[in-house]
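Remarks on the structure that follows.
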Amino acid sequence: MESLTAGPARSKDRARNRAFGREQVAGLELIDADAHVNPPPTFWDDYLPAAFKDRGPKIEEGAAGEAHDWVVFEGSRKPLNLMSSTVAQGREFKPVGRKSDIQAGSWEPAARLQDMQKDGVGRAVLFGGGPLGALDNDLYIASFDAYNRWLADFCAYDAKRLVGVAYLPMQDIDQSIAMLKDAAKRGLKAVNIPAFPQSKKGTAGGGFAAQVLALSGDPDGDLQYDNPEFDRFWQACVDHDMAITIHLGARVARPQMTRFLPNLVMSKLCMAEPISIMIFGGVFDRFPTLRFGSIESGVGWMSWMAKYMDDIYDNQRHWLQLELKERPSFYMDQNVYGSFIRDPVGVLNRHLPGGKNIMWSTDYPHSETTWPDSLAVMAKQFGGLTEAEYRPIVHDNAMRFFGLGA
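For the sequence shown, full-length UniProt numbering begins at 1 and goes up steadily by one.
Pasting the structure below:
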């Protein structure tokens, strides 16, 4: 989809696309609403509590002739995964490799700022490696705190340009509130929670299941986020002005490599479920200033979702005895935000209900990233738009959602 307009204006838009670059965004601070960090190899030794240090992952250098290093953890020895830590794309990408293959900006703040400068990014909102996929639930929980402390230290290098998002488990509400308060004190700006509440039984499924549950939780559990038991958590978010994010995870990925691409598709679309639970469950009626973001999910589907929710609410609410203060699309515009990497459909829908609170991102240094060519990608998506039209997408919406102030 090359242009955001149709008909005779297309040739003019193509010319604008070619011209779109640093001069168009000069003086405008670009905010990357979804970027990533990966803690360094020494992270677990440096940040895990003393009781857990000897149980954290260890990286072993690959032998001569081996193409990758190894991660040794809880009795397993696996190739070092590069899926979330290199910026190579297409034919250059390799899924496993060595520590030396990892982009330095993943874990070194000075290198990160240089990479941001190269891509024209003013501020980056940082998501990350998060918790361990541990069989031991105590180690699993401890890894959240370790990660959040490391992230706060990383962001302290330049607290304005590096914006941290804490990761929280959602097994125990009081525990989650305590972690949220600690994250706020450390200067982190939002909290990422799994798409559904968790159960301590999650770690019983093994390391892979535990790591997935850091983002996913239990979609079939009896207790969901619209249950009033979670109201004190939502209140804590409001009291501390912390935005809430869910970062994919609404559908557990299938482990087969042949399902990798279908997994990517469904990882985006399935985010509609936790959002609709929050809306139809009346959470935003009870907490009208709560900010809830679906990150890395794309946004083109959100305006369709808003209209569809209005239709089914109008048609079904009477026999369901469901009464919201407003129609569902109202909450999509008041409370719900979304981020995208490449989504010209979402940009087209920016004026529609459900499509207004959209935020641009690079996904650096993941395999889907647009770095270091983000301005060229912007040209294809924003060519033909005025600054008044693209400014909210690349700046204003993220400022408002993450509470960044001036």
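Where a beta carbon is used, it is the ideal one built from N, C-alpha and C, also for glycine.
Name the two residues that bound the continuous alpha helix (DSSP H) containing residue i.
i	result
residue 76	Taken as a continuous stretch (DSSP letters only), residue 76 belongs to no alpha helix (DSSP H), being part of the beta strand (DSSP E) at 76-79.
residue 303	300-320
residue 374	374-382
residue 330	328-334
residue 285	283-286
residue 234	231-239
residue 407	Nothing about residue 407 can be reported from this structure: the residues present for the chain run from 1 to 406 only.
Please classify residue i: does DSSP put it in a helix, a strand, or coil?
i	result
residue 292	strand
residue 178	helix
residue 204	Summary for residue 204: the model assigns pLDDT 49, below 50, so the residue's position carries little reliability, and this model does not support an answer.
residue 394	helix
residue 132	coil
residue 195	coil
residue 266	helix
residue 361	coil
residue 225	coil
residue 345	helix
residue 400	helix
residue 154	helix
residue 93	coil
residue 172	coil
residue 8	Because the pLDDT of residue 8 is 38, which lies under 50, any placement of that residue in the model is unreliable, and the number read from its coordinates should be weighed accordingly. Helix, per DSSP.
residue 253	coil
residue 190	strand
Which residue wins for smallest C-alpha separation from residue i, given the options the options?
i	options	result
residue 218	256, 201, 232 and 231	201
residue 326	341, 308, 292 and 280	280
residue 269	285, 284 and 294	294
residue 265	277, 82, 276 and 250	250
residue 271	35, 296 and 136	296
residue 220	239, 235, 234 and 198	198
residue 169	152, 132, 275 and 340	132
residue 77	59, 256, 98 and 93	59
residue 381	315, 248, 350 and 278	350
residue 236	144, 383, 173 and 40	173
residue 368	395, 340, 240 and 387	340
residue 277	255, 303 and 224	224
residue 143	158, 289 and 51	51
residue 63	56, 97 and 39	97
residue 362	26, 37 and 28	37
residue 75	305, 321, 303 and 136	136
residue 216	183, 254, 114 and 233	254
residue 134	57, 309 and 300	57
residue 171	196, 128 and 152	196
residue 40	27, 109 and 23	109
residue 138	25, 366 and 175	175
residue 302	214, 275, 66 and 152	275
Output the boundary residues of the beta strand (DSSP E) element that contains residue i.
i	result
residue 247	243-247
residue 165	162-167
Relative to the ligand COA, is the shortest distance from any of its heavy atoms to the C-beta of residue i smaller than 8 Å?
i	result
residue 78	The model depicted lacks the ligand COA and carries no ligand whatsoever.
Exercise for the section: At 3 residues or longer, and completely inside the segment 24-73: list those beta strand (DSSP E) runs for me, N to C. Expected result: Qualifying beta strand (DSSP E) stretches, in chain order: 31-37, 58-60 and 70-73.
Problem - Inter-stretch contact at 8 Å, needing at least 3 Cβ pairs: the segment 180-197 / the segment 140-156 - result: In this structure the segment 180-197 touches the segment 140-156; the number of beta carbon pairs closer than 8 Å is three or more.
Practice task
Evaluate contact between the segment 154-174 and the segment 122-130, counting only Cβ atoms and requiring at least three cross-stretch pairs below 8 Å.
Solution key: These segments touch.
Problem - Meets three-Cβ-pair contact criterion under 8 Å: the segment 228-237 and the segment 386-405 - result: The answer is no - the segment 386-405 does not touch the segment 228-237, with fewer than three Cβ pairs under 8 Å.
Problem - the segment 332-351 touching the segment 78-98, judged by at least three CB pairs closer than 8 Å - result: They do not touch, by the three-pair rule.
Practice task
For the segment 355-366 and the segment 68-77, state whether three or more C-beta atom pairs, one from each stretch, are separated by less than 8 Å.
Solution key: Taking 8 Å as the limit for Cβ pairs, the verdict is that the segment 68-77 does not touch the segment 355-366.
Problem - Ranges of the alpha helix (DSSP H) found wholly within the segment 98-145, counting only runs of at least 4 - result: As far as the segment 98-145 is concerned, its whole alpha helix (DSSP H) runs of at least 4 residues are 109-119.
Practice task
Mind the definition here: the segment 257-264 touches the segment 281-288 only if three or more C-beta pairs lie below 8 Å; say whether that holds.
Solution key: No, because fewer than three Cβ pairs between the segment 257-264 and the segment 281-288 fall closer than 8 Å, the two stretches do not touch.
Practice task
Please confirm if the segment 25-33 is in contact with the segment 104-121, defined as three or more CB-CB distances below 8 Å between the two stretches.
Solution key: They touch, by the three-pair rule.
Exercise for the section: Assess, as a yes-or-no matter, whether the segment 375-382 is touched by the segment 38-47 under the definition of 3 or more beta carbon pairs within less than 8 Å. Expected result: Proximity of the segment 38-47 to the segment 375-382 falls short of the contact definition, fewer than three beta-carbon pairs being nearer than 8 Å.
Practice task
State whether the segment 314-321 contacts the segment 329-338, with contact taken as three or more CB pairs (one from each stretch) at a distance under 8 Å.
Solution key: Touching, no, given that fewer than three Cβ pairs across the two stretches are closer than 8 Å.
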